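In this note's numbering, the protein residues as written are 107 to 621.
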């Protein structure tokens, strides 16, 4: 019980801040949790009947933790709508509590408002969490992985304090488990360690040699669980005769033009820092700017040039830590769902800013205003993102009904004859660049598999044509007008063709059709 007492004390001390933050986070996800939608990728899993899908997708992508989880709890990879979303949000929030407690152990004390701000931002950065947690087929599992990596980091800190080997190995095991669900969790551990380096120096007293030694131990833990992950990934791909090269190749830029990819990676990181093109980007740049100002003041307040340099380097490493994996891989794709450590970094930056600002009454008011703006932007952007997803889903749903109605009016037996969809539908409603608000009828310029999976998820028993019939259907469509003309639907003895538009080159590649 004594081992739990510090955590219990933490919960009691900050219970009001924790409950207030939880209410705010639920507000951020309120639209998602109260409106059922179906978005890109979810259609593959909601009514899946392929017993090999979890192996072919998750193991091939190096996410074998998801494979083993689904093997136990959902062999077909199906998810439970709404329930998994609610669990995902609550578990992700719990991971934030573990991280907050971890840094509380390092720093010794935080004011309650800073804990509220930290827990309000960590699970609800629109660019990161709005993207990451909106995919219901794995948001529950991924939240468990975030809780796992937070526990792994906590074990690392306990190892620093007690020097007991079991915590060292437990950190490795938990780190390994989390990256097996998604490789991006490795970056979360890096950011947490970089934050530890900063937080330890912000204490009144710290031992520099001990701090360096601890960081080196954390680096060893990281290397061991990453090597263990790679070894297991190679082993499983060999056992299942799979290869993740095609998938991972898109995230590694060392095989291409290195100079160009490095430039794109630098530009990508800079865009994220200033919130350029990111939903809720205004909140990101406000936090980053506030942290830079506070960092400069904290560094200036250090006594001795060496101490100022030491803190300055640590601050810089922490600041760029969310992007270190991108630079290591030369990956210029800064997708929100990959930058999981960014939400942790932003939450900690805001926490540091608040704790510094609250020392002065005038700055205290300013920090409250800054936090208020950040939370307002985040809450609005999160719900707007989910609202866009809902609108797109409702449009696709209505369009599906329109297609089926036209088939029935023409007395075409669509349940016993395969349908080829040629081209794509360009929506009248303006869409942003996010996957969540994309249409199934325009994704990949008209991906027939996704369209059929979506229709099946909506209760329509359509049939996806075999490769040879797709070619036949394409040649049938050549002299057909485009949707919504009456003759944009044609039926033969073997296949039904629905022509949305003239097909693009991508349409041929995606659907495996040769001209």
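Note that CB positions come from ideal geometry on N, CA and C, so glycine has one too. Given the structure is predicted, the values throughout are model-derived calculations rather than measurements.
Review point. Name the DSSP bridge partner or partners of residue 209?
Key: BP columns for residue 209 are empty, so no partner.
**Study point:** Inter-residue spacing [alpha-carbon to alpha-carbon] between residue 536 and residue 546
**Key:** Any answer about residue 536 is weak, because its pLDDT of 44 lies below 50 and its placement is not dependable; what the coordinates show is given next. Whole-angstrom Cα-Cα distance: 15 Å.
Check your understanding: Closest to residue 95 by CA distance: which of 158, 289, 257, 290 is it?
Key -> Outside the modelled stretch of the chain, which goes from 107 to 621, sits residue 95, for which no answer is possible.
Check your understanding: With distances taken between CB atoms, is the gap from residue 367 to residue 438 smaller than 9 Å?
Key -> yes
**Study point:** Beta bridge counterpart(s) of residue 476 as assigned by DSSP
**Key:** According to DSSP, which records beta bridges pairwise, residue 476 is partnered with nothing at all.
Check your understanding: So what does DSSP say about residue 534, is it helix, strand or coil?
Key -> Note that residue 534 has pLDDT 46, beneath the 50 cutoff, so the model's placement of it is unreliable and the number below is only indicative. Under the three-state reduction of DSSP, residue 534 is assigned to coil, being neither helix nor strand.
**Study point:** Reduced DSSP category for residue 222 - H, G, I as helix; E, B as strand; rest coil
**Key:** helix
Exercise for review: List the residues that DSSP assigns as beta-bridge partners of residue 597.
Suggested key: Note: residue 597 sits in a beta bridge opposite 602.
Practice item. State whether the segment 446-456 contacts the segment 330-350, with contact taken as three or more CB pairs (one from each stretch) at a distance under 8 Å. Key: Cβ pair count under 8 Å is below three, so no.
**Study point:** Close Cβ partners of residue 618 (< 8 Å) along its chain, the five nearest in sequence each way excluded
**Key:** 573, 576
Review point. If you draw a straight line from the alpha carbon of residue 336 to that of residue 206, how long is it in whole angstroms?
Key: 30 Å
Review point. If residue 386 and residue 483 are in contact, beta carbons under 8 Å, what's the gap, nearest whole angstrom?
Key: 6 Å
**Study point:** Where residue 234 sits in the DSSP three-state scheme
**Key:** DSSP places residue 234 in helix when its eight states are reduced to three.
Review point. What are the residues that DSSP puts in a beta bridge with residue 525?
Key: 602
Review point. Leaving out five residues before and five after residue 69 in sequence, what residues of the same chain have Cβ atoms less than 8 Å from its Cβ?
Key: In the structure as shown, the chain starts at 107 and stops at 621, and residue 69 therefore has no counterpart that could be examined.
Review point. Does any CB atom of chain C fall closer than 9 Å to the CB of residue 606?
Key: Absent from the structure is chain C; it holds one protein chain and no more.
Exercise for review: Using 10 angstroms around the beta-carbon of residue 515, count the other beta-carbons present and answer buried if the total reaches 16, otherwise exposed.
Suggested key: exposed
Review point. Closest by CA to residue 158, which one among 467, 405, 174, 321?
Key: 174
Practice item. Please classify residue 215: does DSSP put it in a helix, a strand, or coil? Key: coil
Point to revise | Spatial distance of residue 112 from residue 433 (CA atoms) | key: Near 38 Å, if we compare the C-alpha coordinates of residue 433 and residue 112.
Review point. Cα-Cα, which of 527, 211, 612, 506 is closest to residue 564?
Key: 506
Exercise for review: Sort 616, 161, 165, 559 by Cα distance to residue 340 and report the nearest one.
Suggested key: Taking only the C-alpha atoms, the option nearest residue 340 is 165.
Point to revise | From 594, 118, 226, 248, residue whose alpha carbon lies closest to that of residue 289 | key: When the alpha-carbon of residue 289 is set against those of 594, 118, 226, 248, the nearest one is in 248.
Review point. Assuming residue 209 and residue 301 make a contact with CB atoms under 8 Å, what is their CB distance in whole Å?
Key: Taking a contact as a CB-CB distance under 8 Å, the pair residue 209 and residue 301 counts as one, their CB atoms being some 7 Å apart.
Review point. Helix, strand or coil: how does DSSP classify residue 340 here?
Key: helix
Practice item. To the nearest angstrom, report how far apart residue 615 and residue 571 are at their CA atoms. Key: 16 Å
Practice item. Please list, in chain order, all residues of the same chain as residue 620 whose beta carbon is under 6 Å from its beta carbon, the five residues on each side excluded. Key: If we look at residue 620 and ignore the five residues flanking it on each side, it has no Cβ neighbours.
Practice item. Report yes or no: do the segment 277-286 and the segment 410-417 share at least 3 C-beta pairs separated by less than 8 Å? Key: no
**Study point:** Whole-angstrom C-beta distance between residue 278 and residue 331, which should lie under 8 Å
**Key:** 5 Å
Review point. By Cβ distance below 8 Å, which residues in the same chain neighbour residue 557 in space, the five residues on each side in sequence not counted?
Key: 527, 546, 547
Practice item. With DSSP as the reference, label residue 651 as helix, strand or coil. Key: Any question about residue 651 goes unanswered here, given that the chain covers just 107 to 621.
Exercise for review: Could you check what DSSP says for residue 588 in three-state terms: helix, strand or coil?
Suggested key: coil
Exercise for review: Return the CA-CA distance between residue 522 and residue 569, expressed in angstroms with no decimal places.
Suggested key: 7 Å
Check your understanding: In terms of alpha-carbon separation, which member of 126, 498, 342 lies closest to residue 171?
Key -> 342
Practice item. Spell out a yes or no on whether the segment 217-227 and the segment 115-129 are touching, meaning 3 or more CB-CB pairs, one atom from each, closer than 8 Å. Key: yes
Point to revise | Local Cβ density within 10 Å of residue 534, reported as buried at 16 or more and exposed below that | key: Low local confidence applies: a pLDDT of 46 at residue 534 is under 50, so the model's placement there is unreliable, with the coordinate-based value given in what follows. Answer is exposed; the Cβ neighbour count stays below 16.
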